[in-house]
Amino acid sequence: MRVLNSLADPRVGGPQLRALAVAKGLRDRGIETVFHLPDGDDAFERMATDEGFEVVRPGPSQMRPPPNVHANARFAARFLPSVSRLAATIERREIDVVHASMTLAVPAAIAARRADTPLAWFFNDTGTPWPLDRVAARLARATADEIALAADAVGDYFFDDAVPTRTVYPPVDVDALDPSTVATDEEAIREELGVADDVPIVGTVGNVNPVKGHEYLLRAIARVRDRIGPVAVPIAGKLLDSRQEYAARLRRLRARLDLEGTVRFLGHRSDVPRLLSAFDVFVLPSVTEACPIAVLEAMAMESAIVATRVGGVPEQLADGTHGWLVPPADPDALATAIQEALAAPAERRRRGAAARRRATARFSTDRCVERHHDLYEAALSRSVPRPLERVRVR
Numbered sequence: 055m056r057v058l059n060s061l062a063d064p065r066v067g068g069p070q071l072r073a074l075a076v077a078k079g080l081r082d083r084g085i086e087t088v089f090h091l092p093d094g095d096d097a098f099e100r101m102a103t104d105e106g107f108e109v110v111r112p113g114p115s116q117m118r119p120p121p122n123v124h125a126n127a128r129f130a131a132r133f134l135p136s137v138s139r140l141a142a143t144i145e146r147r148e149i150d151v152v153h154a155s156m157t158l159a160v161p162a163a164i165a166a167r168r169a170d171t172p173l174a175w176f177f178n179d180t181g182t183p184w185p186l187d188r189v190a191a192r193l194a195r196a197t198a199d200e201i202a203l204a205a206d207a208v209g210d211y212f213f214d215d216a217v218p219t220r221t222v223y224p225p226v227d228v229d230a231l232d233p234s235t236v237a238t239d240e241e242a243i244r245e246e247l248g249v250a251d252d253v254p255i256v257g258t259v260g261n262v263n264p265v266k267g268h269e270y271l272l273r274a275i276a277r278v279r280d281r282i283g284p285v286a287v288p289i290a291g292k293l294l295d296s297r298q299e300y301a302a303r304l305r306r307l308r309a310r311l312d313l314e315g316t317v318r319f320l321g322h323r324s325d326v327p328r329l330l331s332a333f334d335v336f337v338l339p340s341v342t343e344a345c346p347i348a349v350l351e352a353m354a355m356e357s358a359i360v361a362t363r364v365g366g367v368p369e370q371l372a373d374g375t376h377g378w379l380v381p382p383a384d385p386d387a388l389a390t391a392i393q394e395a396l397a398a399p400a401e402r403r404r405r406g407a408a409a410r411r412r413a414t415a416r417f418s419t420d421r422c423v424e425r426h427h428d429l430y431e432a433a434l435s436r437s438v439p440r441p442l443e444r445v446r447v448r
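For what it's worth, this note's numbering labels the leading residue of the sequence shown as 55, then goes sequentially.
Listed below in structure tokens is the structure:
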């Protein structure tokens with residue numbers, strides 16, 4: 055089987071890392087993956103080709119939210135010719151299944167129909183703005199042979215009760231992120247960050263993006279500092295060119311809250327497991343999510359997790375069992391949970407161990423690869439009814 059996996063964003067992030075991990079697992083099963091990317095950033099293309107995967111880029115440019123007038127004008131002008139080129143690529147490469155791997159992978163969906171190729175469309179977020187969310191949902195209902203979701207909560211965002219979907223959670227490599235084998239050097243990390251031995255480290259991992267809710271983390275940390283004293287907050291994550299204004303706003307907030315000696319923006323890090331091993335508490339302060347990879351990585355590393363109750367996060371971990379869940383955009387609740395976790399080392403260890411067991415049982419790469427294989431086989435079958443348990447009737 056040969057699959058065209060189309061990603062609507064060429065940059066490296068959670069969806070791209072998920073797609074690459076799954077492609078490697080599918081390759082071990084004899085299933086070939088060809089990646090389709092829009093024009094723009096070549097970071098993921100380099101990553102995929104380094105792993106031996108073919109990447110095709112017949113256009114168009116990346117679809118942007120409605121305010122990006124100039125970018126979307128370019129997208130519109132090149133849309134139909136690009137779709138025609140992609141359809142020709144699908145036919146020429148003898149693609150068996152097209153996997154529209156992100157919510158806005160609209161060109162791939164239309165190209166699949168033009169090429170009369172089975173289409174599996176994967177919805178992976180809960181923050182697509184209107185009207186793009188409605189356009190994608192309606193087009194998926196009209197064109198997709200299978201609709202997959204990154205979490206049950208994604209279906210609640212896009213579809214009504216009558217639309218059959220299946221949930222395919224993203225994977226985490228529980229072998230690579232194993233606290234018993236990851237090389238840890240807390241002393242070196244503390245030295246790198248300039249953190250004293252008696253100062254707790256409360257960190258987060260994720261691109262610097264408004265949906266990640268970093269401003270709420272900063273406000274929560276100011277409260278924690280005022281209550282218990284010094285705390286170190288490393289924020290690991292790439293600063294995207296399109297988010298420079300947001301990053302500047304965060305720096306101004308950091309200065310206003312007198313957190314310049316507390317909060318450090320580390321940029322992209324290739325040693326996330328090592329960083330996680332040094333965190334006393336991992337925080338996900340997002341205001342919207344689907345099924346965040348960062349939480350799965352923290353679960354695999356037995357981290358003590360404080361996260362907002364958004365999207366599929368409650369499907370990943372249960373409050374009181376695997377971590378602490380709080381409402382989004384609520385610095386007071388976030389601060390209280392962080393303080394509670396810091397005050398209870400034994401409870402942090404208990405919930406962290408339970409989180410790893412859950413990650414291993416439910417979110418392993420092998421399980422995710424198997425679900426993708428099932429998804430593609432179902433799309434190929436087309437006329438074969440979906441099993442009743444995979445039909446979502448809400």
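Glycine included, each C-beta is placed from N, C-alpha and C at the ideal position.
The structure presented is a predicted model; accordingly, all values stated were derived computationally and were not measured.
Notebook entry, point to check: In whole angstroms, what is the alpha-carbon distance linking Cys345 and Leu134?
Noted result: Distance between the alpha carbons of Cys345 and Leu134 is about 32 Å.
Item checked: Own chain residues within Cβ distance below 6 Å of Glu108, not counting five before or after -> Hits under 6 Å: Val88.
Notebook entry, point to check: So is Thr362 buried or exposed if we call it buried at 16+ other beta carbons inside 10 Å?
Noted result: It is buried - the Cβ of Thr362 has at least 16 other Cβ atoms within 10 Å.
Next item on the list: Would you mind stating whether His90 and Ala162 have Cβ atoms separated by less than 8 Å?
Entry: Yes, they are a contact pair.
Check: Grouping DSSP H, G and I as helix and E and B as strand, with all else coil, what is Val318?
Finding: Residue identity check: residue 318 is Arg in the sequence provided, not Val. Looking at Arg318 - three-state DSSP - the assignment turns out to be strand.
Notebook entry, point to check: Considering only the beta carbon of each residue, do Ala174 and Val151 sit closer than 8 Å?
Noted result: In contact: Ala174 and Val151 (Cβ atoms closer than 8 Å).
Next item on the list: Measuring alpha carbon to alpha carbon, tell me which of Asp215, Asp373 and Ile347 ends up nearest Val326.
Entry: The candidate whose alpha carbon is nearest that of Val326 is Ile347.
Next item on the list: Identify the continuous alpha helix (DSSP H) that holds Ile234 and give its terminal residues.
Entry: Looking at the sequence shown, residue 234 is not Ile but Ser. First-last for Ser234: undefined, no H or E at that position.
Check: What is the C-beta distance between Arg308 and Val317, in whole angstroms, given that I count them as a contact (C-beta under 8 Å)?
Finding: That pair is a contact at about 5 Å.
Notebook entry, point to check: From Ala286, Ala372, Tyr223 and Ser155, pick the residue whose C-alpha is nearest to that of Arg416; which is it?
Noted result: For Arg416, the nearest C-alpha among the options comes from Tyr223.
Notebook entry, point to check: How big is the Cα-Cα spacing for Asp386 and Ile359?
Noted result: Approximately 17 Å, taken between the alpha carbons.
Next item on the list: Excluding the 5 residues preceding and the 5 following Leu294 in the sequence, name in chain order all residues of the same chain whose CB lies nearer than 8 Å to its CB.
Entry: So the list reads Arg65, Asn261, Val262 and Asn263, once near-sequence residues are dropped.
Margin query: For Phe319 and Ile289, I'd like the C-alpha separation in whole angstroms.
Written below: When rounded, the separation of the alpha-carbon atoms in Phe319 and Ile289 is 5 Å.
Next item on the list: Starting from the C-beta of Thr352, find all residues in its chain whose C-beta is less than 7 Å away, skip the five residues before and the five after it, and write them out in chain order.
Entry: The displayed chain sequence assigns Ala, not Thr, to residue 352. The residues are Leu330, Phe336 and Ile359.
Check: What do you get for Val445, buried or exposed, if any count of 16 or more other CB atoms within 10 angstroms of its CB means buried?
Finding: Unreliable positioning characterises Val445 in this predicted model, as indicated by a pLDDT of 32, which lies under 50. The coordinate reading is nonetheless provided below. Counting Cβ neighbours within 10 Å, Val445 comes out exposed, since fewer than 16 surround it.
Check: Taking the C-alpha atoms as reference points, what is the distance between Gly406 and Ala205?
Finding: Cα to Cα, the separation comes out at about 22 Å.
Check: First and last residue of the alpha helix (DSSP H) that includes Ala191?
Finding: Counting along the chain, the alpha helix (DSSP H) containing Ala191 begins and ends at Leu186 to Thr197.
Margin query: To the nearest angstrom, how far is the alpha carbon of Pro218 from that of Ala198?
Written below: Roughly 11 Å between the two C-alpha positions.
Item checked: Alpha-carbon spacing of Cys422 relative to Gly257, whole angstroms -> Roughly 27 Å separates the two Cα atoms.
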